[in-house]
Every structure is written in structure tokens, then in C-alpha cells.
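Peer 1:
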Amino acid sequence: MKLTHYKRPSGITTMAVFEFGGALSCLGLLVFTAVGSRDFIALIVGALLGFVVVYGLWTLQFWAFWFTAGYETVEIVYELFLVTQPEYKGLHLLGPLFGILMSAITLGYIFLDRSVKPVFQRKTIV
1 MKLTHYKRPS GITTMAVFEF GGALSCLGLL VFTAVGSRDF IALIVGALLG
51 FVVVYGLWTL QFWAFWFTAG YETVEIVYEL FLVTQPEYKG LHLLGPLFGI
101 LMSAITLGYI FLDRSVKPVF QRKTIV
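Residue numbering for the sequence shown follows the working numbering, starting at 1 and increasing by one per position.
(1) Say whether the region 53-62 touches the region 75-84, bearing in mind that this needs 3 or more beta-carbon pairs closer than 8 angstroms, one atom from each stretch.
(2) What number of angstroms, rounded off, separates the C-alpha of Leu94 from the C-alpha of Leu82?
(3) Looking only at C-alpha atoms, which of Leu97, Glu72, Thr73 sits nearest to Thr84?
(4) Looking at the structure shown, is Thr13 part of a helix, part of a strand, or coil, going by DSSP?
(5) Let's test the definition: count the other Cβ atoms within 10 Å of the Cβ of Ile110 and tell me whether it reaches 16, buried, or not, exposed.
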């Protein structure tokens, strides 16, 4: 038995690079966040899960498709929660709204582009 290997689509490569940038920015924002606050914890969790997503996408792990879908869904839910918070007014709304947009684009890409899902499925040739 032999596993088939796929070439990583350019969209997956681009998505992994953007996710890496997002995970790094989460770490960078920790400097401006109060230690132990809700946002501090969310940034740490977001960075750690973001790096897991990057690894899975970059190496085309079979679990990466659904892990990315779950991660982006949780991101949208959390960003929607942030929009309801009183401290997120005016320009502060741009961060969560941008996050929602980027997560929605990611979900749309992985579910609607037909070249994506087969790359993450394990297929064996006998």
C-alpha cells in the first residue's frame, strides 16, 4: 500500500502564510494587553491554535481541514462576542470585524474551492 501525495494548492500556501501572520500578531498584541485578562488568554489560545493550523495546512495533515474549519468558526463566534462588548466601540470595532471577514473568507475558500478538500483526504493505492 502506498499513500498518494498531493501538491499543496497555492491558496492553501497563502492561507497558511496569513494564518502564521495572524498567530504572530496575537503574540505581538500580548505586549499591550493586561496579563490575566480575557483578551490576554484569548490571544495566547489564538496564537497556539493558529500555529497548529499553520502546521496542519503547510504539511497537508489529514486533520487540518476540519481543524481549520473549527478554529475559524470559533474565531467568528469570539469576534461576534467582542462586538457586543462595551469597550469595543468606534475604531476598536475594526479589529473584530476584520477578523470575522478573514475567517469567513477562509471558511468559504476551504469549503467552496473543489481543489482543497481532496488534498486533505487520505487515499491509499493498492
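Glycine residues also receive a C-beta, built at the ideal position from the N, C-alpha and C atoms.
Peer 2: The answer reads as follows:
(1) Segments in contact, no.
(2) On the sequence shown, residue 94 is found 94 positions in, with the first residue counted as 1. On the sequence shown, residue 82 is found 82 positions in, with the first residue counted as 1. The alpha-carbon atoms of Leu94 and Leu82 are separated by roughly 11 angstroms.
(3) Taking the first residue of the sequence shown as 1, we reach residue 84 at position 84. Nearest of Leu97, Glu72, Thr73 to Thr84, Cα basis: Leu97.
(4) By one-based count along the sequence shown, residue 13 stands at place 13. Three-state DSSP puts Thr13 in a helix.
(5) Indexing the sequence shown from 1 puts residue 110 at position 110. So Ile110 ends up on the buried side.
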